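Here the structure is laid out as structure tokens; the discussion comes afterwards.
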Amino acid sequence: MDSLQIGLQLTLFGMGIVFFLLAVMALLISLLLRFDRAPAETMEESAPSREFPEGLDADALAAITIAVRAHRIVRRKQAAPAMRKHQPGTLPSRWVGIGRTRQTASWRPIRRG
Amino acid sequence: MDSLQIGLQLTLFGMGIVFFLLAVMALLISLLLRFDRAPAETMEESAPSREFPEGLDADALAAITIAVRAHRIVRRKQAAPAMRKHQPGTLPSRWVGIGRTRQTASWRPIRRG
Amino acid sequence: MDSLQIGLQLTLFGMGIVFFLLAVMALLISLLLRFDRAPAETMEESAPSREFPEGLDADALAAITIAVRAHRIVRRKQAAPAMRKHQPGTLPSRWVGIGRTRQTASWRPIRRG
Amino acid sequence: MNVSLQQLLQGVTHITPGGVFMLVVGVVLLYLAIAKEYEPMLLLPIGAGAIFANLPLSPMIAEGGMLDILRKAGVENELFPLLIFIGIGAMTDFGPLLENPKMMLLGAAGQFGIFGTLLLALVLGFNLNEAASIGIIGAIDGPTSIYVSNLLAPHLLGPITVCAYSYMSLVPVIQPPIMRLLTTKKERAIRMPYTQRTISRRTRIIFPLLVIIVVGTLVPMATPLIGSLMLGNLMKESGVVERLTGASSKEIANTVTLFLGLAVGSTMRADAFLKVQTLGILVLGILAFCLDIAAGLTFAKFLNFLSGGKFNPLIGSAGISAFPMSARVVQKVGQEEDFENFLLMHAMGANASGQVASVIAGGVLLALMGAG
Amino acid sequence: MNVSLQQLLQGVTHITPGGVFMLVVGVVLLYLAIAKEYEPMLLLPIGAGAIFANLPLSPMIAEGGMLDILRKAGVENELFPLLIFIGIGAMTDFGPLLENPKMMLLGAAGQFGIFGTLLLALVLGFNLNEAASIGIIGAIDGPTSIYVSNLLAPHLLGPITVCAYSYMSLVPVIQPPIMRLLTTKKERAIRMPYTQRTISRRTRIIFPLLVIIVVGTLVPMATPLIGSLMLGNLMKESGVVERLTGASSKEIANTVTLFLGLAVGSTMRADAFLKVQTLGILVLGILAFCLDIAAGLTFAKFLNFLSGGKFNPLIGSAGISAFPMSARVVQKVGQEEDFENFLLMHAMGANASGQVASVIAGGVLLALMGAG
Amino acid sequence: MNVSLQQLLQGVTHITPGGVFMLVVGVVLLYLAIAKEYEPMLLLPIGAGAIFANLPLSPMIAEGGMLDILRKAGVENELFPLLIFIGIGAMTDFGPLLENPKMMLLGAAGQFGIFGTLLLALVLGFNLNEAASIGIIGAIDGPTSIYVSNLLAPHLLGPITVCAYSYMSLVPVIQPPIMRLLTTKKERAIRMPYTQRTISRRTRIIFPLLVIIVVGTLVPMATPLIGSLMLGNLMKESGVVERLTGASSKEIANTVTLFLGLAVGSTMRADAFLKVQTLGILVLGILAFCLDIAAGLTFAKFLNFLSGGKFNPLIGSAGISAFPMSARVVQKVGQEEDFENFLLMHAMGANASGQVASVIAGGVLLALMGAG
Ligand code: NA
Ligand code: NA
Ligand code: NA
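Residue numbers (this note's numbering), protein chains in the order written: chain A, 1 to 113; chain B, 1001 to 1113; chain C, 2001 to 2113; chain D, 3001 to 3372; chain E, 4001 to 4372; chain F, 5001 to 5372.
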């Protein structure tokens, strides 16, 4: 039973340290997030009810928007052309995206049981 | 001439084993193929004289076909998203494809000599 | 100061050899370029004022040109299909291309100072 | 030299029942990989490696054989799992964790399986190093399992790795019954508000750096594991080295995965694998997995109690490293009770935390064992 | 330290006629690769390696030089040819062989050049190991030749590899005259019915497995060669590990091809290459090739006799590993007699079989020689 | 075994001021890489490597740790810089140089910084090997600097590499003031006629071969550096091995860049880095850079004198290896005086020459030092 005692000690210390480290990280990230301002900016960007500038219809605006975005990408690529290969974006973020979309959905639940 | 004798022995054994191994493989594959049924299925799939369901013209049908295929690919990708990279298909199979096409062609031969 | 003398010797020999090697290379390349004929051929190819063959309008010609080019690429790929991956062309050559384009431009300079 | 029939037939005369059994094991692994698509990227090479290793007189695992070379080049020296971690880091989005830093503790709870199984293995008579290696299956994280078990008990590398990878595929099968067993209908229906927040690029870049420096300082033995993971993530989030990120997550990751799988499979020789303890490992491994989930759920129930019933305990079961599968299972089971309940974002936070925590736990275990 | 002119000119003072001749050989190889496109993927790096190795006082082949590192990292230990085989397997479609399993025997016949040349080399005074290495050129298969000759006679690696790869490019030149010489006009015009059959995915997956287990058990020494080839094919046909298949057939194959070519070229040093026996190897290599084709044709004529004139002997000449070039040559020569005669599918079967058979023959030769 | 708190806290108890300072240095390198985009492909891995190396008790740089493995696998034996050169060669278009062979001499002049700095370093008390290593920063070429300094003074590898890469990013900042200082307004406005010529594929293929054979014969020690660069270019221009060219310039280059950066960064340990001489290296490195540009300008002014005022001296400042940035700076500064003056093509020639010359100069330096 001596080794079992060591095992218990390992469990105690191990879980303790893991909890401690993650708590420290959680604290540090919370501090870090204090400096992240303007959390709602991205939503505003794609607000659907924006008014069009005078003399521009929706099609023209769409074309301009696309052109501006394409231009930004080109500029960014020119700044460091050899470095770029992939656009950002990962597998999990697709799920995140779905989750975010769903948070705002509002159909009636289908209850089981 | 002693080494030549060894050489002859090598040739005899070598060719013998190679023939034996390939004969064994041929046998095993033949057995395996017994279990492969429905060899004509693929041809049927692309039969040109299929009738359209009522109320659907060729364009609508084409659109649906494309959508269904695209959807199948998406579903397959979702099943194991990190694993997929390339569609199947290889260099030799292009030649095989050409060969198969030619087997059904029927113009008159140009004889030489 | 003995090591400094060695340093001076290194500098003398080093710069001397580098200059010598590059001069040799310059000479050899100049010789090589003697055998490069027909420097203006490429420009002619894209001459804009070429006459159309009888009975062909510009659209048909463009279609034919594209088809011929595509066919050339296909033929080249078939010649050694496993070898090809990328089209030629490099980063610097883009800059070279810009440079060449500019050499022929002719707007009025904006002088500073 | 004289060619003799005996020499020619030496392959046939060296067939052993154990070898044949292991060939069957290899074929079963291939079946799981190909027909069932259980982590095929790993199980297919492992199965092939096991077959190569158990063919009679196999020259591929002999000194200087291909699988021997690959094993020495990247498994024995721990290089391959670390390179894979760089690639995983380069593919992982820790955003959900950063949005919800409090979820981090759930990831810690989800590592209890490591230590619980370690205790059980000790009771069953495994020695301390072996028990710790078996416990690490509870990290449910392939590279961590390979890294730790190769340092502590290399003779168990094969079965432990197979467990780690094949059980990871069983998340959708194993997780839901435990969730239903340990929570009440009412608990599962708890809704949790979610407010989206934008994580700045700066925070995303500082996060991996912070983890490297803090964990690396407090638990030096964890530096290789967590450092590799966070290096990949730093490169990804920096956005300035897409070529390196791409190489890490594609070319390097794919090549190393193939080599690692073959090399791990090649350790599954009949004489090393066909022991009663292998069976023990397979059973303990699945227990480790269940303990992880149960501990996460229990801890989440405790949080629910503290918060006065505002915390859905299901989220606790996502505190493991099977990312993002585990979070998706939480969402699905939650919806069974209340179709409009969207737990995904919270579960993603716990899940990302589980990934970080399992790597840290691996390092902590090594530190406590005095290895590394 | 004192810089002396002698020291500066040591490169020039170490120029040797042999070295200059070998530089010319390197340039010729580059010419064949670039202007003639004879297997440029291999001949270009080999030519470059030969040039690097024969520059005066070349530091690249000195102990610790780049080519020395690459040679030790993958040629000496046989790793590179095996990795290339994984890639080739991942690119090869064995469908035509599976449709026509009887064609397998033609692939066996097409390996006679290996043993016939071995005998000739023995007559010419080469020792047994050298003779076997020269014979393996008859496999007309680069990686097999490198693998076998490096084990049996590493000092002949350079010329043997160059033969194996450059003669492979000569298929369309060498094969037709032998075909016309050994067959009658009537034989060449024999039509063979072809019924297409669909090979199920399951059969395609079981085939490589079966080859690994059967050949690996009967000829253990052949396991590395045939096992690597079939591992690649298994991954391809499984369809579940496209990332690994892609890595094997692209990133790994390309990188290894470059390194292998450079390393093989670097063995072509003047003192090792400029011998009468090199000339012997070049001649014997082309003989091996011709013997392969002749044996395949003869065996096919025998089959034609057995079948009562229903088997076109031309197909026998495709039982070599130059896949799919050799099958295309059969189709072309067959059409010269009868434009409507489509032998391609049959020839593809024989050709795929030749690829498998040449790898097996390499392993058998190693087993018989007691090496591996 | 008994778990003690002391053992657990050994990371914290081993924190040193030097280590903390080096962590800050690592973070600064990351900042330069990410926020300023100064050669992020190298500076990000170098910064990360420096952080890993300076965490307390870092197991990553211990014997058998990941960074130790990578350093031995490719830095100690010089493999990685050479592989990177193959990739650079496969991406470089030497057309502008071939169009203008006379520009070659400007590239030679632009290497004076190497030797000038060597002299300065000797004066400051560095020994000969160290002085030569510091001088090589004047090649403003990462792989050359790594190759040479690793052979001559491996203990200075870290700071020298950091200088070579970070100063390369400063071309647009450092070059213009020196150009304006050393030339008159009138000189800067000199127009030079440019006649385009087509370089045949044959010439483009012969060029790298010629460089390999001529330089390799005259300066054997330069063969690895210039040979690798020109091998890549030969493959690119041959047009027949796109798969190898692609692998060299993409997969191999990206992977090696990551590993090389991490390994170089890992040499920046506090005890080796925190010395007065590191500061000396940083200052001398920037001086080397300035001397290169000044020498190029001076030599170009001399050519202008010889040609009777027809040669724009600005072009001389492009005789360095920062390709094609340096040529673009020349174009920009030239346009400040005369917007219609297009010096780009001439400057590109000088710049391409600078790239070749800096590699050759590295080899010459090694030969003169008797190393290699
Ligand atoms: Na985990
Ligand atoms: Na063959
Ligand atoms: Na330079």
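Glycine included, C-beta positions come from ideal geometry on N, C-alpha and C.
Note that the coordinates shown come from a computational prediction; the quantities given were computed from them, not determined experimentally.
Chain E contact residues for residue i, given Cβ-Cβ distances below 9 Å
| i | result |
| --- | --- |
| P3017(D) | Under the 9 Å cutoff, chain E gives no residues; its nearest Cβ is about 14 Å from P3017(D). |
Cβ-based neighbour list, residue i, same chain, cut-off 7 Å, excluding 5 preceding and 5 following
| i | result |
| --- | --- |
| S3353(D) | L3097, M3103, M3104, L3106, G3107 and G3319 |
| L5303(F) | F5311 |
| P3324(D) | M3348 and N3351 |
| L3244(D) | M3235 |
| M83(A) | Reliability fails at M83(A), whose pLDDT of 34 lies under 50, so the model's placement of it is uncertain and the value that follows must be treated cautiously. Counting only Cβ-Cβ distances below 7 Å, and skipping sequence neighbours, we find nothing. |
Neighbour-count burial assignment, residue i, 16 or more Cβ in a 10 Å radius
| i | result |
| --- | --- |
| A5035(F) | exposed |
| F5052(F) | buried |
| L4305(E) | With the sequence shown as reference, residue 4305(E) is identified as Phe, and Leu is not the correct amino acid for it. Label assigned to F4305(E): exposed. |
| K3301(D) | buried |
| D2002(C) | exposed |
| P5415(F) | The requested residue 5415(F) does not occur in the structure, where chain F is confined to residues 5001 to 5372. |
| N5313(F) | Reading the sequence as shown, one finds Pro at residue 5313(F) and not Asn. By the 10 Å Cβ count, P5313(F) comes out buried. |
| A4161(E) | For the sequence presented, residue 4161(E) should be read as Thr rather than Ala. Under this definition T4161(E) is a buried residue. |
| Q2078(C) | Caution is warranted here: a pLDDT of 47 is assigned to Q2078(C), below 50, making its placement in the model unreliable, and the coordinate value is therefore given only provisionally. Exposed: under 16 other Cβ atoms inside 10 Å. |
| S4307(E) | exposed |
| F2035(C) | exposed |
| T4278(E) | buried |
| S1030(B) | exposed |
Cβ-based neighbour list, residue i, same chain, cut-off 6 Å, excluding 5 preceding and 5 following
| i | result |
| --- | --- |
| A5164(F) | I5137, G5142 and S5145 |
| S5166(F) | Y5038 |
| F4299(E) | A4109 and G4316 |
| H3346(D) | M3192 and I3315 |
| F13(A) | none |
Partner residues on chain B for residue i, Cβ-Cβ distance less than 8 Å
| i | result |
| --- | --- |
| M4179(E) | Near M4179(E) there are no residues of chain B at all, since even the closest Cβ is about 15 Å away, more than 8 Å. |
Cβ-based neighbour list, residue i, same chain, cut-off 8 Å, excluding 5 preceding and 5 following
| i | result |
| --- | --- |
| T4174(E) | The sequence given here has Ile at residue 4174(E), not Thr. Only Y4167, I4286, F4289, C4290 and I4293 meet the Cβ criterion. |
| K3185(D) | E3337 |
| M3369(D) | L3128, N3129, A3132 and L3152 |
Neighbour list for residue i in chain D, Cβ cutoff strictly below 7 Å
| i | result |
| --- | --- |
| E4130(E) | Going along chain D, no residue has its Cβ under 7 Å from E4130(E), so there is no contact; the nearest lies around 14 Å. |
8 Å Cβ cut-off: residues of chain E touching residue i
| i | result |
| --- | --- |
| M3060(D) | T4223, P4224 and G4227 |
Under 9 Å from the C-beta of residue i: neighbouring residues of chain F
| i | result |
| --- | --- |
| I2066(C) | Within 9 Å Cβ-Cβ: nothing; I2066(C) doesn't reach chain F, min ~22 Å. |
Residue i: contacting residues in chain F (beta-carbon distance under 7 Å)
| i | result |
| --- | --- |
| L4056(E) | Strictly speaking, residue 4056(E) in this sequence is Pro, with Leu absent from that position. Chain F residues near P4056(E): T5217 and P5220. |
| V4162(E) | Chain F residues near V4162(E): none, gap ~17 Å exceeds 7 Å. |
Proximal chain B residues relative to residue i, where beta-carbon distance stays under 7 Å
| i | result |
| --- | --- |
| A4357(E) | V1018 and L1022 |
Mind the definition here: the stretch 3213 to 3224 of chain D touches the stretch 3123 to 3139 of chain D only if three or more C-beta pairs lie below 8 Å; say whether that holds. Verdict: no, contact absent.
Interfacial residues, the stretch 3204 to 3234 of chain D to chain F, with Cβ spacing under 8 Å: Answer set for the stretch 3204 to 3234 of chain D: I3205, L3209, I3212, I3213, G3216, T3217, L3218, V3219, P3220, M3221, T3223, P3224, G3227, S3228, L3231 and L3234.
Is it the case that the stretch 5064 to 5082 of chain F contacts the stretch 5012 to 5025 of chain F, given that we only count it when at least three CB pairs across the two stretches are under 8 Å? The stretch 5012 to 5025 of chain F is not in contact with the stretch 5064 to 5082 of chain F.
Between the stretch 5329 to 5345 of chain F and the stretch 5084 to 5093 of chain F, are three or more C-beta pairs nearer than 8 Å? Fewer than three pairs of CB atoms, one per stretch, sit closer than 8 Å, so the stretch 5329 to 5345 of chain F makes no contact with the stretch 5084 to 5093 of chain F.
Kindly confirm or deny that the stretch 3256 to 3275 of chain D and the stretch 3041 to 3051 of chain D touch, where touching means at least three C-beta pairs closer than 8 Å. Output reads yes: the stretch 3041 to 3051 of chain D touches the stretch 3256 to 3275 of chain D.
Taking only beta carbons into account, state which residues of the stretch 3027 to 3050 of chain D come closer than 8 Å to chain E, listed in chain order. For the stretch 3027 to 3050 of chain D, residues whose beta-carbon sits nearer than 8 Å to a beta-carbon of chain E comprise V3027, L3030, A3033, I3034, E3037, P3040, M3041, L3044, P3045 and A3048.
Could you list the residues in the stretch 3067 to 3081 of chain D with a C-beta less than 7 Å from some C-beta on chain E, going in chain order? Answer in chain order: I3069.
Is the number of C-beta pairs between the stretch 5268 to 5275 of chain F and the stretch 5070 to 5084 of chain F that are closer than 8 Å three or more? Below 8 Å, too few C-beta pairs join the stretch 5268 to 5275 of chain F and the stretch 5070 to 5084 of chain F to call them touching: fewer than three.
For the stretch 4231 to 4265 of chain E, which residues have a CB atom closer than 7 Å to at least one CB atom of chain F, in sequence order? Cβ contacts with chain F come from E4251, N4254, T4255, T4257 and L4258.
Determine, using beta-carbon pairs with one atom in the stretch 3202 to 3221 of chain D and one in the stretch 4197 to 4216 of chain E, whether at least three such pairs fall under 8 Å. Flag = no, the stretch 3202 to 3221 of chain D and the stretch 4197 to 4216 of chain E do not touch.
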